[in-house]
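2 protein chains.
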Amino acid sequence: MTTNKITELLNIKYPIIQGGMVWVSGAKLAAAVSNAGGLGLIGAGSMKPPLLKEHIMKAQTLTSKPFGINVPLLYEGSLDQINCALDLGVTIFFTSAGSPSKVTKMLKDKGATVIHVTSSPALALKCQDAGVDAVVAEGFEAGGHNGRDELTTMVLIPQVREKISIPLIAAGGFSTGRSIHAALILGADAVQMGTRFLMTKESSAHDNFKQYALKATFQSTKLLMKKTVPVRLLENIFSKEIEEIEASFIKDELKEKIISHLGKSRAKHGMLEGNIEQGELEIGQIISHIKSIPSVEEVMQEIILDFNQSLARSFIKF
Amino acid sequence: MTTNKITELLNIKYPIIQGGMVWVSGAKLAAAVSNAGGLGLIGAGSMKPPLLKEHIMKAQTLTSKPFGINVPLLYEGSLDQINCALDLGVTIFFTSAGSPSKVTKMLKDKGATVIHVTSSPALALKCQDAGVDAVVAEGFEAGGHNGRDELTTMVLIPQVREKISIPLIAAGGFSTGRSIHAALILGADAVQMGTRFLMTKESSAHDNFKQYALKATFQSTKLLMKKTVPVRLLENIFSKEIEEIEASFIKDELKEKIISHLGKSRAKHGMLEGNIEQGELEIGQIISHIKSIPSVEEVMQEIILDFNQSLARSFIKF
Numbered sequence: 001m002t003t004n005k006i007t008e009l010l011n012i013k014y015p016i017i018q019g020g021m022v023w024v025s026g027a028k029l030a031a032a033v034s035n036a037g038g039l040g041l042i043g044a045g046s047m048k049p050p051l052l053k054e055h056i057m058k059a060q061t062l063t064s065k066p067f068g069i070n071v072p073l074l075y076e077g078s079l080d081q082i083n084c085a086l087d088l089g090v091t092i093f094f095t096s097a098g099s100p101s102k103v104t105k106m107l108k109d110k111g112a113t114v115i116h117v118t119s120s121p122a123l124a125l126k127c128q129d130a131g132v133d134a135v136v137a138e139g140f141e142a143g144g145h146n147g148r149d150e151l152t153t154m155v156l157i158p159q160v161r162e163k164i165s166i167p168l169i170a171a172g173g174f175s176t177g178r179s180i181h182a183a184l185i186l187g188a189d190a191v192q193m194g195t196r197f198l199m200t201k202e203s204s205a206h207d208n209f210k211q212y213a214l215k216a217t218f219q220s221t222k223l224l225m226k227k228t229v230p231v232r233l234l235e236n237i238f239s240k241e242i243e244e245i246e247a248s249f250i251k252d253e254l255k256e257k258i259i260s261h262l263g264k265s266r267a268k269h270g271m272l273e274g275n276i277e278q279g280e281l282e283i284g285q286i287i288s289h290i291k292s293i294p295s296v297e298e299v300m301q302e303i304i305l306d307f308n309q310s311l312a313r314s315f316i317k318f
Numbered sequence: 319m320t321t322n323k324i325t326e327l328l329n330i331k332y333p334i335i336q337g338g339m340v341w342v343s344g345a346k347l348a349a350a351v352s353n354a355g356g357l358g359l360i361g362a363g364s365m366k367p368p369l370l371k372e373h374i375m376k377a378q379t380l381t382s383k384p385f386g387i388n389v390p391l392l393y394e395g396s397l398d399q400i401n402c403a404l405d406l407g408v409t410i411f412f413t414s415a416g417s418p419s420k421v422t423k424m425l426k427d428k429g430a431t432v433i434h435v436t437s438s439p440a441l442a443l444k445c446q447d448a449g450v451d452a453v454v455a456e457g458f459e460a461g462g463h464n465g466r467d468e469l470t471t472m473v474l475i476p477q478v479r480e481k482i483s484i485p486l487i488a489a490g491g492f493s494t495g496r497s498i499h500a501a502l503i504l505g506a507d508a509v510q511m512g513t514r515f516l517m518t519k520e521s522s523a524h525d526n527f528k529q530y531a532l533k534a535t536f537q538s539t540k541l542l543m544k545k546t547v548p549v550r551l552l553e554n555i556f557s558k559e560i561e562e563i564e565a566s567f568i569k570d571e572l573k574e575k576i577i578s579h580l581g582k583s584r585a586k587h588g589m590l591e592g593n594i595e596q597g598e599l600e601i602g603q604i605i606s607h608i609k610s611i612p613s614v615e616e617v618m619q620e621i622i623l624d625f626n627q628s629l630a631r632s633f634i635k636f
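Protein sequence lines correspond, in order, to chains A and B.
Using the working numbering, the letters of the first sequence map in sequence onto residues 1 to 318.
Using the working numbering, the letters of the second sequence map in sequence onto residues 319 to 636.
Here you go:
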């Protein structure tokens, strides 16, 4: 019987992290996940410090359990977000989209727990060297912004496990208890799930987006904008326009056309405001396996039941 | 304790299939895998009937265990290949790259076992409806020719499992015993591995190719030629030229340039003849996790040991 390094590190009941999602994971979702025994993360990427402060303070009233924030380091102002959270007593930081050496030492010196998101075994090792407490390794199937290496979760997790000795959180393609069991078999200590928690009552994804995502088939997501910033999107008019641009232009002209067509606030329009035709709808491949919008508590109980049932199954020894 | 439907269906010891690979899996590799307790497959895709006949007859002298052939149905002459194998007493057919309804009834009427390769839950259901005995579901991480849907093994397998009631073989990303354990947890009854068996003494991949593949990093494969026939290749001068063409042309002109640059016999030059600069080197993402070229028997024993050790590990129930 192995102990669980992630539940111990984060002082949570279940080895389940709710991925930070711009426009989707505010105080309400993060607190619900933490109250249900996982770790909730406020997705700070879409929040300026005053709004982030509001969400952190609200989450503190909604739960007495640990929660954290996710900070994409590539945005201007990420340091302001971090300082805002530190001032309010947040002690768990998931950093992504940038160098792990940028803020890890500063955060560790202040006593915080730091976990960095990676998409390759080599970067995972750099994270460990930078002094993080754990790593999230995220496969090609994950939603939203995605690494360039396109390693899938099945290929990525065992190789990251062999590179690092610190705890490992698997991400990309998870929505069930048995898939969490598979992740542990592959060497992870926990999983991070975004899409499964996006599809809950408590997420701040617009109901138009949730209802539209319920109809997704196995052909409904694509990794697009590889020549700018790769992102996995739910198919809609906007995503088809992007595909058409990608099929029609080359090199610098392609980049310009993509950036210009993307414009500003596409993700907000789509995910928060519910413009399902022209908005940018970030979502993972596993959406085709999700056919309900329950409460976070219901999701968590179903997953834990499925996990325990999976543990109880036995297979022929060969 | 569940029984294993695939070992029973195919009358083999271990739930491990060696994927049929053009230019790589002839009589020697297929017989070695069958002798080691798995199911070997002769990759008929690259063989005209006289050569296929030679390989089948040679395999029959090298093993008394069951083996099969893999037939991509898109090639002209696939029916000649099938008839050649039937005449020689082959009873196990893995069909791919074409409609499962094309040959399944004819083969079943002759008493053969038919297994079709798919890359989506919807096609898996069509396979079951067409009367196949089992399905191989192959994820985005797999080597060589690949589906257009880009579903990864982690996302694909549980959804195929829910669509069909017949036995299921998972493919794409497997090379270790613990990954086979994970596949069973996700709902598969067995795995098919190509790249792991390509990297053995008995495969007919040229030694130049094997030695070059040993140096692969996690960035060394890419799914290319998506506008013609998607194929996962090991990076070399040829693959970089293809990438440059893909970045430089659009639509019909792109297709023409790809087809013209590909020319004839690229795969043979690369994989069988060892031209590692200008040949087409088909390989799976998991190559970055493979650091040895052992015998098939050694591979199999190591995998089974790892599988049994994985079964014996226990995790905290939550």
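Using N, Cα and C, we set each Cβ at its ideal position, and we do this for glycine too.
Fair warning: this is a prediction, and the values are worked out from it, not measured in the lab.
Query: For B/Pro367, tell me which candidate among B/Lys558, B/Ala403 and B/Val453 has the shortest Cα-Cα distance.; Result: B/Ala403
Query: Between the segment 582–605 of chain B and chain A, which residues of the former have a C-beta closer than 9 angstroms to a C-beta of the latter?; Result: Gly602, Gln603 and Ile604
Query: Using a Cβ-Cβ distance cut-off of 7 angstroms, determine whether B/Phe515 contacts chain A.; Result: no
Query: Using a beta-carbon distance cut-off of less than 7 angstroms, what residues from the segment 128–158 of chain A approach chain B?; Result: Gly139, Phe140, Glu141, Asp149, Leu151, Thr152, Thr153, Met154, Val155 and Pro158
Query: Under 6 angstroms Cβ to Cβ from A/Ser46, same chain only, skipping five residues before and after it: list those, please.; Result: Val22 and Trp23
Query: Determine the burial state of B/Thr379: buried for a count of at least 16 other Cβ atoms within 10 Å of its Cβ, exposed for fewer.; Result: exposed
Query: What number of angstroms, rounded off, separates the C-alpha of A/Ile290 from the C-alpha of A/Asp189?; Result: 23 angstroms
Query: Are the C-beta of B/Asn329 and some C-beta of chain A separated by less than 7 angstroms?; Result: no
Query: DSSP three-state label for B/Pro548, please.; Result: coil
Query: Rounded to whole angstroms, what's the CA-CA distance from B/Ser578 to B/Ile563? Just pull it up for me.; Result: 11 angstroms
Query: Cα-Cα, which of A/Ser220, A/Asn70 and A/Met193 is closest to A/Ile303?; Result: A/Met193
Query: In chain order, which continuous runs of the beta strand (DSSP E) of length 3 or greater are located wholly inside the segment 380–440 of chain B?; Result: 385–390, 410–414 and 431–436
Query: Can you tell me which of B/Phe458, B/Glu574, B/Ala500 and B/Lys519 puts its alpha carbon nearest to the alpha carbon of B/Asn626?; Result: B/Ala500
Query: So, under 8 angstroms CB-CB, B/Phe385 and B/Leu359 are touching, yes? Tell me the CB distance rounded to an integer number of Å.; Result: 7 angstroms
Query: Short check: CB of A/Val155 to CB of B/Gly495, under 7 angstroms?; Result: no
Query: Does the distance from the C-beta atom of A/Asn146 to that of A/Arg232 stay below 7 angstroms?; Result: yes
Query: Work out the CA separation of B/Glu600 and A/Ser288 for me, nearest whole Å.; Result: 29 angstroms
Query: Identify which residue in B/Leu391, B/Lys426, B/Asp467 and B/Asp398 has its Cα closest to the Cα of A/Glu331.; Result: What the structure shows of chain A is the stretch from 1 to 318, and residue 331 of chain A is not part of that stretch, so it cannot be assessed.
Query: Are the C-beta of B/Gln537 and some C-beta of chain A separated by less than 7 angstroms?; Result: yes
Query: Given that a residue counts as buried once 16 or more other Cβ atoms are within 10 Å of its Cβ, and exposed if not, what is A/Lys341?; Result: Residue numbering for chain A in the displayed model covers 1 to 318; residue 341 of chain A lies beyond these limits and cannot be assessed.
Query: Threshold first: 3 residues or longer. Then list the beta strand (DSSP E) segments lying entirely within the segment 143–167 of chain A, N to C.; Result: none
Query: So A/Ser239 and A/Leu224 are supposed to be a Cβ contact under 8 angstroms. How far apart are they, rounded?; Result: 6 angstroms
Query: Mark B/Gln596 as exposed unless 16 or more other C-beta atoms lie within 10 angstroms of its C-beta, in which case mark it buried.; Result: exposed
Query: Got a sec, what are the start and stop residues for the alpha helix (DSSP H) B/Lys569 sits in?; Result: Lys569 to Leu580
Query: Could you check whether the segment 438–447 of chain B touches the segment 247–259 of chain A, counting it as contact only if at least three pairs of C-beta atoms, one from each stretch, sit closer than 8 angstroms?; Result: no
Query: Are the C-beta atoms of B/Ile374 and some chain A residue less than 7 angstroms apart?; Result: no
Query: Looking only at C-alpha atoms, which of B/Pro439, B/Asn401 and B/Val450 sits nearest to B/Arg479?; Result: B/Pro439
Query: Among the residues of its own chain, which have a CB less than 6 angstroms from the CB of A/Gln285, if the five just before and after it don't count?; Result: Glu141 and Thr221
Query: Could you tell me whether the Cβ atoms of A/Phe209 and A/Met300 are closer together than 7 angstroms?; Result: no
Query: Note the first and the last residue of the continuous beta strand (DSSP E) segment covering A/Lys222.; Result: Thr221 to Leu224
Query: Out of A/Ser179, A/Arg196, A/Asp80 and A/Ala216, state which residue places its alpha-carbon closest to the alpha-carbon of A/Glu297.; Result: A/Arg196
Query: For A/Gln81, count neighbouring C-beta atoms within 10 Å of its own C-beta (all shown protein chains included) and say buried if the count is 16 or more, exposed if not.; Result: buried
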